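If you use this note's numbering, the sequence shown corresponds to residues 1 to 308, in order.
These notes are about the structure you will find just below.
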Amino acid sequence: MPASVPPLLGLTKYTRWDQVPDGLHTKTQLAEMDPPLKPGADPVGQVLYHGNSYAPLYELAAAVPKRRATSAQRAALDRARELQYVCRRCGVQGDEPLGKGRWCMRCSCAVMMWEQHAQAQVMARELVADQTAVLLVVDADPEGPPGTQAVAVLQIHDHRVLYTAQAGEHGTPERTAVVDRLDVLLADRRVVRECDHGGLATRIPFTLVSLPREMLPSATIAEHAWMSSEVSSVAGVWVAWYAWTDNPSSTLPAAPGYGKQIAWQRSLDLASDAQSMTALLHRIADGTEPVWEKARWVADGHGVPSPV
Ligand SMILES: [Zn+2]
C-alpha cells in the first residue's frame, strides 16, 4: 500500500468523491481536461482517496491552461539533454552528463592548466601596472663565498634599481642595517620575490633574518611585512604561465627541474638578476613569453578553451 498523504490543515475534508462540490477538481483531473489545465490558485478543499490519503482540490474557475510543449520545443529539449553528454571542447561523448562547463575529464585538466596560465598573465599585468610594485631579490647563502650575500630592489613598472647592497653575514650589524633599510624602503609597497617554497631557500627574503632550517617566529614576520609568505613570486607566476607538469595526470604547474631550467638569470649580480625577472614579468604581461610546447591545451590540438 502506498504511503498515506496526510490532510492539509484548515481545508475542508471530503471523505467521498460524491461529496465534492461541482467546480472543484484535483490536479490530475485538471490535467486530463481538454485543453489541459493546471491549478491557478491555492487548494480550497481536499478529498480522501485510497482510504488513507488526501488530494488537494482546486477551483476550476481559477485554473489556467497547461502549456504543452510543441514538437519543436520537445526536440530542442531532447537535443539539450543529449548535449549534456558531449564535451563542448573536443566533442567526445561521455556516458554521464558532464555538468558545469561541459568538459570531458581530459579537457577539464587542460582547462585547469589554461586557467592558471591565464591567471598568471592577469597577475603579471597587475604587477607591471602597479607603480608601487617592486622586486626584492635576495641571496643569503651563509655557505657561499665571502662577500656574496646581497640584496637588490627593483621597481617593476620602469625597471629602475632602487637599492642594492651587500648583506653581510647573519647576525652582524651590517645585516641588521640592510634589514632596517628594507623595512623603510618596502613599507607600503607591493613586494614580489624571486621564488617561493619550491625554490632555492637561500633566495627567499626571510633568510636575511634566519639561518637555514631555522623556524621564524611569527612576530618577526609580522614586523617585516616583506618577508610574508603571502607575497607573489616571479617563479610562481612563470611556472603557472609556462604550464609544465611532471606527470600526465597532474594539473599542478611545476618548474621543470627547479634551478636548472628557469626563464630568468640567476647569478651573483642581483641587480642584473632582478632586471631579467622584471623583463620576464613584462613579457608574460605582453603575452610574448613562450609557453611549454606540450602545454595541455596546446598539445591536445583543441586550442585555448573558450569561457563558459
Ligand atoms: Zn573534451
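Ideal Cβ positions, reconstructed from N, Cα and C, are used throughout, including at glycine.
Small disclaimer: the values here were computed from a predicted structure and weren't measured.
Restricting to Cα atoms, I'd like to know which of the options is closest to residue i.
i	options	result
residue 186	158, 225, 90, 219	225
residue 4	51, 283, 300	51
residue 175	193, 142, 188	142
residue 256	27, 110, 242	242
residue 192	277, 173, 85, 44	277
residue 6	173, 55, 88, 84	55
residue 237	150, 25, 126, 132	126
residue 305	90, 289, 71	90
residue 34	49, 13, 63	63
residue 287	128, 65, 169	128
residue 300	73, 114, 24, 197	114
residue 151	144, 201, 145, 164	164
residue 269	13, 240, 140	140
residue 309	295, 146, 271, 65	The structure shown does not extend to residue 309, since the chain is modelled only from 1 through 308, so no value can be given for it.
residue 279	178, 124, 179	124
residue 289	264, 297, 302	264
residue 144	274, 273, 169, 137	169
residue 147	166, 138, 130	166
residue 312	30, 122, 15, 197	Given a span of 1 to 308 for the chain in the structure shown, any question on residue 312 remains unanswerable.
residue 28	281, 21, 16, 58	58
residue 233	15, 199, 112, 208	199
residue 261	275, 251, 239, 281	239
residue 230	196, 53, 73, 99	196
residue 16	215, 179, 30, 53	53
residue 227	190, 275, 30	190
residue 296	248, 49, 222, 36	248
residue 60	78, 179, 30	30
residue 180	202, 208, 218	208
residue 153	14, 275, 267	275
residue 221	235, 205, 213	205
residue 138	132, 111, 201	201
In the DSSP assignment, what are the bridge partners of residue i?
i	result
residue 65	37
residue 164	152
residue 147	In the DSSP output, where bridge partners are listed per residue, residue 147 has none listed.
residue 25	58
residue 133	190
residue 139	150
residue 121	Per DSSP, none; premise fails for residue 121.
residue 93	86
Could you give the DSSP three-state label for residue i: helix, strand or coil?
i	result
residue 84	coil
residue 12	strand
residue 56	strand
residue 48	strand
residue 300	coil
residue 75	helix
residue 176	helix
residue 128	helix
residue 1	Confidence at residue 1 is low in this model, with a pLDDT of 47, below 50, so the placement of that residue should be treated as unreliable; the coordinate-derived value is given next. Looking at residue 1 - three-state DSSP - the assignment turns out to be coil, as it is neither helix nor strand.
residue 185	helix
residue 295	coil
residue 195	coil
residue 103	coil
residue 170	coil
residue 281	helix
Going straight from the alpha carbon of residue i to that of residue j, what length do you get?
i	j	result
residue 47	residue 80	39 Å
residue 19	residue 67	30 Å
residue 75	residue 83	12 Å
residue 244	residue 149	31 Å
residue 10	residue 69	36 Å
residue 211	residue 158	33 Å
residue 161	residue 182	14 Å
residue 1	residue 96	Bear in mind that a pLDDT of 47 at residue 1, under 50, signals an unreliable position, so the model cannot answer this.
residue 42	residue 25	12 Å
residue 32	residue 65	11 Å
residue 188	residue 285	23 Å
residue 8	residue 45	9 Å
residue 194	residue 298	27 Å
residue 94	residue 107	12 Å
residue 291	residue 88	24 Å
residue 134	residue 173	25 Å
residue 37	residue 302	49 Å
residue 250	residue 109	8 Å
residue 103	residue 119	20 Å
residue 105	residue 215	41 Å
residue 86	residue 252	26 Å
residue 21	residue 49	16 Å
Would residue i pass as an interface residue toward chain D - the criterion being a Cβ-Cβ separation below 9 Å?
i	result
residue 220	Here chain D cannot be found, since the structure has a single protein chain.
**Request:** Mind listing, in chain order, the continuous beta strand (DSSP E) runs of no fewer than 3 residues lying wholly within the region 221-273?
**Result:** Runs of the beta strand (DSSP E) inside the region 221-273: none found.
**Asked** Enumerated in chain order, which unbroken segments of the beta strand (DSSP E) with a length of 3 residues or greater are wholly contained in the region 197-223?
**Response** Counting only runs of 3+ residues, no beta strand (DSSP E) is found wholly inside the region 197-223.
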